[in-house]
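Per my numbering, the sequence shown starts with residue 14, numbered consecutively.
Every residue gets a Cβ at the ideal spot worked out from N, C-alpha and C, and that includes glycine.
Single-structure report; data block below.
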Amino acid sequence: MRVDHTSVPRLAGAAPPAVDPSGRSYAVIAVGAAARPVAGRWLAELASRADRPPVWSARVDRLDGTVLAAFEERLRAATVGWRLMLAGPEADVMRLRARAVRAGAVPAEIREHATEADRRRIHCAHCRAITEAEVGVGGTVECRGCGLTLRCQRHFSRRLAAYLGVEAS
């Protein structure tokens, strides 16, 4: 079956986006070892600018409460001209992106690059729990909330940063 339109992100495998030159301040987050070189290039480009914009950066092995709290602080402090640059596993990048949009960021202010897309967040259509697992689109996973076997659908919610999971038949 050929799919021409899908909500599934196509971040992995693409070249990292360029730094948005119109930004007045930046937040750069790299999650995982594979994201560090990408963030390093972005940071080097920002450091070489004549106007030397303010930059907050975090290079972490994984998302945890400390990283998310620091990110939430950055979101509260963001002003007009702020740009967000994210690199790391698709599940983490899209989770951070969703938080930024909920906090008021405009998608045009966000640049993202996925270093891999093996781990996905699956939103259960039955109990609404989110299960993280290494599963491909079309694959199955057990819901951590209700225990149903869910099929990972070709539908991605940017608001939830998760794929739709429905009971596998």
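Backbone CA spacing between residue i and residue j [nearest angstrom]
i	j	result
residue 142	residue 114	21 Å
residue 137	residue 73	28 Å
residue 165	residue 63	47 Å
residue 189	residue 180	The chain is shown from 14 up to 182; residue 189 falls before or after that span and cannot be answered.
residue 140	residue 159	6 Å
residue 89	residue 124	19 Å
residue 177	residue 162	13 Å
residue 167	residue 103	15 Å
residue 157	residue 34	42 Å
residue 44	residue 82	15 Å
Residue i - DSSP class collapsed to helix/strand/coil
i	result
residue 30	coil
residue 109	helix
residue 14	With a pLDDT of only 47 at residue 14, under the threshold of 50, the placement of this residue in the model should not be trusted; the figure read from the coordinates follows. In this structure, residue 14 counts as coil in the three-state DSSP scheme.
residue 79	helix
residue 67	coil
residue 49	helix
residue 72	strand
residue 161	coil
residue 179	strand
residue 56	helix
residue 173	coil
residue 114	helix
residue 90	helix
residue 104	helix
residue 121	helix
Pair within 8 Å by beta-carbon distance, residue i and residue j
i	j	result
residue 61	residue 41	no
residue 184	residue 80	Any property of residue 184 remains undetermined from this structure, which presents the chain solely from 14 to 182.
residue 106	residue 135	no
Expected contact under 8 Å - CB spacing of residue i and residue j to nearest Å
i	j	result
residue 111	residue 46	That pair is no contact at about 23 Å.
residue 59	residue 50	At roughly 15 Å, the Cβ-Cβ gap does not stay under 8 Å, so residue 59 and residue 50 are not in contact.
residue 37	residue 94	3 Å
Beta carbon proximity, residue i to chain B, threshold 8 Å
i	result
residue 89	Of the protein chains in this structure there is only one, and it is not chain B.
Does the segment 126 to 134 come into contact with the segment 144 to 157, if we say contact requires no fewer than three beta-carbon pairs (one atom in each stretch) closer than 8 Å?
yes
Do the segment 84 to 98 and the segment 26 to 43 touch if we need at least three Cβ pairs shorter than 8 Å?
With three or more CB-CB distances shorter than 8 Å, the segment 84 to 98 counts as touching the segment 26 to 43.
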